[in-house]
Amino acid sequence: MTIEHDNAVRGAEAGEGRTAGEGRTPADEAADPNRYDFDRLQKKWLPRWDELEPYRTDLDGDKRPRKYVLDMFPYPSGDLHMGHAEAYALGDVISRYWRHQGFNVLHPIGWDSFGLPAENAAIKRQIDPREWTYANIDQQKASFRRYAGSFDWSRELHTSDPEYYKWNQWLFLKLYEKGLAYRKSSWVNWDPVDQTVLANEQVLPDGTSERSGAIVVKKKLTQWYFKITDYADRLLDDLKQLEGTWPAKVIAMQRNWIGRSIGADVDFAIEGRTEPVTVFTTRPDTLYGATFMVIAPESELAAELIADPSVSTEARTRFTEYLTEVQKSTELERQSTDRPKTGVFMERYAVNPLSGERLPIWAADYVLADYGTGAVMAVPAHDQRDLDFARAFNLPVRVVLDTNQPVTGAIPVFPDGEIPDDLPPLDPFSTGKALTGDGRLINSGALDGLSKGKAITKVIELLSAAGTGRAAKNYRLRDWLISRQRYWGTPIPIIHGADGAELPVPEDQLPVLLPPTEGLNLQPKGTSPLGAAADWVNVPDPRDGSPALRDADTMDTFVDSSWYFLRFLSPTDETKAFDPREVDKWAPVDQYVGGVTHAILHLLYARFITKVLFDLGYVSFTEPFSALLNQGMVLMDGSAMSKSKGNLVRLSDQLDEHGVDAIRLTMAFAGPPEDDIDWADVSPAASAKFLARAWRLAGDVTTAPEVNWRAGDIALRRVTHRFLAEAPGLVEAFKFNVVVARIMELVNAARKAIDSGPGGGDPAVREAVETIALGLSLFAPYTAEDMWERLGYPASISAYNWRGADPALLTEESVTAVVQVDGKVRDRLEVSPKISSTDLEALARSSAAVARFLGDREIVNVIVRAPKIVNIATRPAS
Numbered sequence: 001m002t003i004e005h006d007n008a009v010r011g012a013e014a015g016e017g018r019t020a021g022e023g024r025t026p027a028d029e030a031a032d033p034n035r036y037d038f039d040r041l042q043k044k045w046l047p048r049w050d051e052l053e054p055y056r057t058d059l060d061g062d063k064r065p066r067k068y069v070l071d072m073f074p075y076p077s078g079d080l081h082m083g084h085a086e087a088y089a090l091g092d093v094i095s096r097y098w099r100h101q102g103f104n105v106l107h108p109i110g111w112d113s114f115g116l117p118a119e120n121a122a123i124k125r126q127i128d129p130r131e132w133t134y135a136n137i138d139q140q141k142a143s144f145r146r147y148a149g150s151f152d153w154s155r156e157l158h159t160s161d162p163e164y165y166k167w168n169q170w171l172f173l174k175l176y177e178k179g180l181a182y183r184k185s186s187w188v189n190w191d192p193v194d195q196t197v198l199a200n201e202q203v204l205p206d207g208t209s210e211r212s213g214a215i216v217v218k219k220k221l222t223q224w225y226f227k228i229t230d231y232a233d234r235l236l237d238d239l240k241q242l243e244g245t246w247p248a249k250v251i252a253m254q255r256n257w258i259g260r261s262i263g264a265d266v267d268f269a270i271e272g273r274t275e276p277v278t279v280f281t282t283r284p285d286t287l288y289g290a291t292f293m294v295i296a297p298e299s300e301l302a303a304e305l306i307a308d309p310s311v312s313t314e315a316r317t318r319f320t321e322y323l324t325e326v327q328k329s330t331e332l333e334r335q336s337t338d339r340p341k342t343g344v345f346m347e348r349y350a351v352n353p354l355s356g357e358r359l360p361i362w363a364a365d366y367v368l369a370d371y372g373t374g375a376v377m378a379v380p381a382h383d384q385r386d387l388d389f390a391r392a393f394n395l396p397v398r399v400v401l402d403t404n405q406p407v408t409g410a411i412p413v414f415p416d417g418e419i420p421d422d423l424p425p426l427d428p429f430s431t432g433k434a435l436t437g438d439g440r441l442i443n444s445g446a447l448d449g450l451s452k453g454k455a456i457t458k459v460i461e462l463l464s465a466a467g468t469g470r471a472a473k474n475y476r477l478r479d480w481l482i483s484r485q486r487y488w489g490t491p492i493p494i495i496h497g498a499d500g501a502e503l504p505v506p507e508d509q510l511p512v513l514l515p516p517t518e519g520l521n522l523q524p525k526g527t528s529p530l531g532a533a534a535d536w537v538n539v540p541d542p543r544d545g546s547p548a549l550r551d552a553d554t555m556d557t558f559v560d561s562s563w564y565f566l567r568f569l570s571p572t573d574e575t576k577a578f579d580p581r582e583v584d585k586w587a588p589v590d591q592y593v594g595g596v597t598h599a600i601l602h603l604l605y606a607r608f609i610t611k612v613l614f615d616l617g618y619v620s621f622t623e624p625f626s627a628l629l630n631q632g633m634v635l636m637d638g639s640a641m642s643k644s645k646g647n648l649v650r651l652s653d654q655l656d657e658h659g660v661d662a663i664r665l666t667m668a669f670a671g672p673p674e675d676d677i678d679w680a681d682v683s684p685a686a687s688a689k690f691l692a693r694a695w696r697l698a699g700d701v702t703t704a705p706e707v708n709w710r711a712g713d714i715a716l717r718r719v720t721h722r723f724l725a726e727a728p729g730l731v732e733a734f735k736f737n738v739v740v741a742r743i744m745e746l747v748n749a750a751r752k753a754i755d756s757g758p759g760g761g762d763p764a765v766r767e768a769v770e771t772i773a774l775g776l777s778l779f780a781p782y783t784a785e786d787m788w789e790r791l792g793y794p795a796s797i798s799a800y801n802w803r804g805a806d807p808a809l810l811t812e813e814s815v816t817a818v819v820q821v822d823g824k825v826r827d828r829l830e831v832s833p834k835i836s837s838t839d840l841e842a843l844a845r846s847s848a849a850v851a852r853f854l855g856d857r858e859i860v861n862v863i864v865r866a867p868k869i870v871n872i873a874t875r876p877a878s
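Under full-length UniProt numbering, the letters of the sequence shown match residues 1 to 878, in that order.
Structural data, given as structure tokens:
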């Protein structure tokens with residue numbers, strides 16, 4: 001909490017007033033039926049809002065401009081927790097703000113209700129996942145309603161409803177028709193605890209599963225993929241549309257994950273093999289420095305090469321043993337730079353397309369199968385990992401880039417015509433350090449003397465002319481693996497014929513429903529439980545009625561969340577996934593709110609699906625979320641909350657003790673939304689006390705709503721209108737904590753006016769208190785709604801527009817300028833806010849008080865910050 005905020009809290013808590021209910025004892029408060037009671041307000045307004053439905057967005061004739069504000073929808077893992085309290089308080093501030101600005105705001109809510117946690121919890125309790133999931137949804141829904149989110153409950157959805165996942169299957173079929181959904185056998189990430197595959201994005205940097213925490217291993221399976229790599233360039237380039245409205249950190253994370261590299265595809269002929277092997281490299285200029293080739297041990301290429309009759313039995317045995325050892329390692333371990341290099345010679349050779357040199361082929365674990373073709377050209381003189389491998393196995397190291405030669409101008413001539421003695425040696429094999437700097441090409445035939453950039457261009461020209469290479473791009477991004485070997489998810493709408501044909505389920509037969517769990521063993525075992533549902537999995541081939549099988553895998557739940565923002569627009573439509581007319585009205589989402597933990601997975605997939613739907617003609621935009629706000633975490637004593645740490649704070653306990661409004665206000669006031677909140681450092685009790693102080697102001701107002709505010713106290717009106725002018729910009733900049741601080745200042749000013757002036761009969765007091773209620777409605781809806789009623793207005797306050805500030809009241813007639821001499825305040829001057837620095841300095845010098853302190857001291861420096869401060873530095877006269 002900043003000093004400014006701390007002072008605001010102290011001001012809000014200090015000196016309970018002397019009239020109209022202030023300064024009472026606890027006994028007086030308890031006996032007073034008009035005392036602030038958050039429980040009473042919650043019980044009063046929650047059913048009223050249910051009747052009024054103030055947040056419905058489907059009303060006929062509503063001509064207001066539209067805004068779509070969306071929170072990342074929750075997973076029903078239990079009751080709401082402190083993280084939910086922050087995230088949904090922030091999204092609600094934005095929704096309520098735009099309503100006050102005259103917009104028809106769509107703010108929907110639903111549940112991301114498929115997935116592993118529900119299935120695992122059901123297995124543990126020996127119940128159907130449906131039972132556990134929908135019981136949690138009921139609990140969370142009750143808590144969300146209590147928490148007073150301004151949701152349009154008429155649009156509620158659950159992704160585990162057939163009415164929803166039918167359209168997941170429709171989406172799958174559309175991608176299949178477009179060639180973007182396909183099935184292949186490959187090495188995949190395998191979670192040995194949850195017994196299912198994981199997408200690359202679901203493996204944490206330490207090589208563990210984000211779900212179970214288990215060390216992820218590699219396993220070869222036939223799986224379904226979405227071809228997200230076809231959209232890699234667009235996913236990368238379209239990030240420019242989001243600059244300035246998405247956090248820079250998220251944009252950088254997406255760029256890094258897509259990881260576009262520019263270089264060349266080089267075709268290496270393999271002795272004894274008809275087809276060449278294509279290798280992608282970002283440094284084709286170093287092609288003459290390639291002295292061997294390295295392939296991934298688990299790649300299909302390695303299996304093919306080692307099986308050739310020319311390979312000895314001993315080499316095959318060594319390879320098989322090595323492959324077994326490699327499969328025990330995680331990708332993180334294999335990519336470690338300080339790990340000793342291991343490998344086996346394949347007894348096969350590649351041919352360098354430029355030099356014609358024979359290159360021995362080795363299998364080594366530092367090359368991964370899913371990088372290009374699983375093969376790299378090894379240039380040990382200029383790549384550290386290749387050099388480490390070459391030194392470990394005594395392989396040739398050839399320098400082809402002289403890093404001692406400057407790369408600007410002509411081929412260098414050293415100043416004295418002689419090569420200096422202190423240049424670094426060009427001997428990586430001896431030094432153990434690869435030459436990775438810039439320089440000029442050597443030992444490279446026609447490339448000698450060229451800089452790196454020119455050499456790359458020349459090499460690509462030579463390869464293209466010979467038909468052995470071409471300019472190319474490569475990506476870190478891999479296709480999205482969507483198959484899951486679990487029950488609680490969307491069934492994949494494909495039938496497999498006895499002849500191996502993939503037969504899409506016709507759209508008019510969707511949804512393919514999940515079968516009941518009776519008789520199924522949901523315990524993870526490496527294959528989908530659906531495969532054991534005989535009546536479900538065995539179906540006739542739609543072509544001829546012969547025996548066929550349904551695909552038994554289910555879809556990754558990120559498919560569910562990749563398009564849910566569109567289903568909210570027409571959640572009960574039984575004929576289509578979303579109504580294009582509603583999409584045109586509302587989408588894309590104007591403001592998305594959620595955790596940075598979804599910066600890669602969910603956001604990347606949603607962007608991909610949106611672009612596919614754009615290409616298919618279903619939507620008219622290419623980015624789903626125009627603006628993004630990430631909230632921080634709620635910690636306790638500096639650590640993430642958990643039972644095992646003993647620092648768990650239960651949201652329900654906090655709501656019972658302090659009330660919903662106090663918790664919401666505390667979340668907003670704690671600091672910038674993207675910062676973490678340490679619950680040990682905030683005070684919901686102080687928030688509750690402040691809200692009581694604000695609420696009592698409404699009871700002190702004695703004027704009617706129609707009173708002429710202009711007749712009120714000008715000083716209080718200036719404070720009110722300064723808040724009206726500043727708050728919108730602060731909200732739109734997500735400076736919610738500063739808005740709360742400004743409300744606290746206005747509460748103090750109103751209380752001071754009541755206690756020291758004409759009391760609640762001053763029209764300026766009514767204007768100020770109404771403004772306080774409007775401001776608090778963003779953060780503390782129960783308190784604000786009750787204040788609004790006490791002020792004489794009908795519910796709901798959310799229907800009232802924000803009031804504009806009077807420009808005349810924003811111009812100060814005078815400001816106080818502080819004059820300091822040697823750091824100590826010596827005078828205060830009332831000056832025009834438009835005074836120049838020259839005039840302000842002259843006034844300060846002519847001040848009698850300043851002159852007295854200057855005496856005969858010599859002025860050495862004067863700093864003027866008009867109209868606020870003059871700082872005069874002196875020293876004794878010489």
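We treat Cβ as the ideally placed atom computed from N, Cα and C, and that holds for glycine.
Note that the coordinates shown come from a computational prediction; the quantities given were computed from them, not determined experimentally.
Residue i, enclosing alpha helix (DSSP H) - first and last residue
i, result
"Q254", "A248 to I258"
"S186", "Not the alpha helix (DSSP H): S186 falls in the beta strand (DSSP E), residues A181 to D191."
"H598", "Segment: none, H598 is in no alpha helix (DSSP H) and carries neither H nor E."
"D92", "M82 to H100"
Start and end residues, beta strand (DSSP E) containing residue i
i, result
"R66", "R66 to D71"
"P360", "R358 to A364"
Test item: CB-CB of residue i and residue j under 8 Å
i, j, result
"D62", "L106", "no"
"R470", "A264", "yes"
"L629", "L242", "no"
"H158", "N801", "no"
"D112", "Y75", "yes"
"Y618", "W480", "no"
"A851", "V860", "no"
"P547", "A501", "no"
Rounded separation between residue i and residue j - CA only
i, j, result
"K824", "A764", "37 Å"
"P668", "F779", "The residue you asked about is not Pro; residue 668 is Ala in the sequence shown. About 7 Å."
"P876", "V818", "23 Å"
"A381", "R255", "30 Å"
"R607", "V596", "16 Å"
"S652", "L80", "8 Å"
"E22", "L810", "Caution applies to E22, whose pLDDT of 47 falls short of 50 and renders its modelled position unreliable; the model cannot decide the point."
"R66", "W98", "9 Å"
"V747", "A773", "10 Å"
"L441", "K433", "18 Å"
"F389", "V197", "32 Å"
"I494", "W488", "17 Å"
"V413", "K452", "A caution first: V413 carries a pLDDT of 43, below 50, which makes its placement in the model unreliable, though a value can still be read off. Cα to Cα, V413 sits roughly 18 Å from K452."
"D37", "L730", "30 Å"
Nearest neighbour of residue i, chosen from the options [CA to CA]
i, options, result
"E785", "D37, D39, W45 and N34", "W45"
"T330", "T229, K219 and G432", "K219"
"A768", "N136, E674, A715 and D308", "A715"
"I262", "A252, E271, P47 and T281", "T281"
"E347", "T838, H496, T337 and L359", "L359"
"residue 889", "D551, I456, I228 and A392", "Only positions 1 to 878 of the chain appear in this structure, which leaves residue 889 out of reach."
"A587", "G467, F565, T572 and G519", "F565"
For residue i: DSSP bridge partner residues
i, result
"E243", "W246"
"S160", "Per DSSP, none; premise fails for S160."
"L198", "N189"
"P491", "T554"
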